[in-house]
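Numbering (the numbering used here), first residue to last: 12 to 224.
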């Protein structure tokens with residue numbers, strides 16, 4: 012475990028801090044949460060690489076450390092707020108947000124990923140995270156982290172936001188993808204691009220293929 016502690020500290024210092032992640036609570040969470048338990052044991056050596064890591068046997072992936080940390084920083088979570096991670100696979104983002112002090116739910120429709128998340132969150136000491144396979148009630152959350160790229164606007168998640176709620180997502184694919192921060196005000200949800208980033212596409216938010224003559 013000492014080796015992973017060193018890798019974790021190196022990730023924080025050389026990946027997160029150099030990628031404009033400056034929030035002390037987010038940095039402390041990244042330094043404390045053992046990212047290696049959120050991948051299958053034989054993939055633990057890949058956990059701290061500066062890239063996304065596929066989760067074998069599931070349709071999900073673990074987003075690159077600097078991308079997910081900076082997205083959580085954008086949410087500006089306050090202790091006690093209700094937060095949701097959607098499509099989080101093994102639940103690493105949920106564990107980070109719980110460490111910051113939010114009350115977290117992981118909504119993961121992928122059954123194999125949910126099973127992985129149950130063990131990973133338990134191993135990380137994040138037993139307080141609620142895991143669900145079904146859609147939560149409307150207006151349940153102050154903040155939503157979408158852990159993957161959406162080729163279309165994630166409109167189906169907007170009703171889950173409370174007034175003044177925030178949602179952060181990687182929108183687009185390939186080099187055109189960028190992180191957008193949405194805010195809900197007076198029943199209107201509006202977003203703005205913040206920084207360029209890439210993430211594996213969530214299958215449920217793929218753009219429908221257009222028929223070409």
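Backbone N, C-alpha and C fix where the C-beta goes; we use that ideal spot for every residue, glycine too.
Cβ neighbours of residue i in the same chain (closer than 8 Å, five flanking residues each side left out)
{"i": "residue 17", "result": "none"}
{"i": "residue 62", "result": "75"}
Where the alpha helix (DSSP H) through residue i begins and ends
{"i": "residue 76", "result": "76-86"}
{"i": "residue 144", "result": "Premise fails: residue 144 is in no alpha helix (DSSP H) and is neither H nor E."}
{"i": "residue 37", "result": "35-43"}
{"i": "residue 122", "result": "122-134"}
Unbroken beta strand (DSSP E) run spanning residue i, endpoints
{"i": "residue 207", "result": "199-207"}
{"i": "residue 158", "result": "152-161"}
{"i": "residue 103", "result": "Segment 103-111 is the alpha helix (DSSP H) holding residue 103; no beta strand (DSSP E) there."}
Own chain residues within Cβ distance below 7 Å of residue i, not counting five before or after
{"i": "residue 218", "result": "162 and 163"}
{"i": "residue 23", "result": "38, 41 and 42"}
{"i": "residue 131", "result": "48, 49, 101 and 102"}
{"i": "residue 109", "result": "115, 137, 139 and 140"}
Through-space distance from residue j to residue i, alpha-carbon basis
{"i": "residue 10", "j": "residue 201", "result": "Past the boundaries of the shown model lies residue 10; the chain is included only from 12 to 224, so the question cannot be answered."}
{"i": "residue 104", "j": "residue 133", "result": "14 Å"}
{"i": "residue 138", "j": "residue 21", "result": "26 Å"}
{"i": "residue 12", "j": "residue 114", "result": "Note that residue 12 has pLDDT 48, beneath the 50 cutoff, so the model's placement of it is unreliable and no number is given."}
{"i": "residue 90", "j": "residue 67", "result": "33 Å"}
{"i": "residue 123", "j": "residue 69", "result": "5 Å"}
{"i": "residue 186", "j": "residue 165", "result": "19 Å"}
{"i": "residue 99", "j": "residue 71", "result": "8 Å"}
{"i": "residue 198", "j": "residue 95", "result": "19 Å"}
{"i": "residue 111", "j": "residue 34", "result": "10 Å"}
{"i": "residue 160", "j": "residue 97", "result": "11 Å"}
{"i": "residue 191", "j": "residue 184", "result": "13 Å"}
{"i": "residue 154", "j": "residue 127", "result": "23 Å"}
{"i": "residue 196", "j": "residue 52", "result": "43 Å"}
{"i": "residue 60", "j": "residue 92", "result": "30 Å"}
{"i": "residue 36", "j": "residue 88", "result": "9 Å"}
{"i": "residue 79", "j": "residue 215", "result": "19 Å"}
{"i": "residue 143", "j": "residue 27", "result": "29 Å"}
Identified DSSP bridge partners for residue i
{"i": "residue 178", "result": "155 and 193"}
{"i": "residue 65", "result": "72"}
{"i": "residue 94", "result": "115 and 154"}
{"i": "residue 172", "result": "152"}
{"i": "residue 212", "result": "160"}
Identity of the residue in the options nearest residue i by Cα
{"i": "residue 65", "options": "216, 83, 205 and 158", "result": "158"}
{"i": "residue 181", "options": "167, 213 and 123", "result": "213"}
{"i": "residue 188", "options": "175, 206, 116 and 55", "result": "206"}
{"i": "residue 120", "options": "168, 93 and 145", "result": "145"}
{"i": "residue 174", "options": "193, 34 and 15", "result": "193"}
{"i": "residue 84", "options": "216, 177, 118 and 55", "result": "177"}
{"i": "residue 15", "options": "54, 150, 170 and 118", "result": "54"}
{"i": "residue 149", "options": "19, 172, 204 and 143", "result": "172"}
{"i": "residue 81", "options": "107, 32 and 125", "result": "32"}
{"i": "residue 107", "options": "156, 147 and 30", "result": "156"}
Same chain, Cβ closer than 6 Å to residue i, neighbours up to 5 away in sequence not counted
{"i": "residue 45", "result": "135"}
{"i": "residue 209", "result": "188"}
{"i": "residue 204", "result": "189 and 191"}
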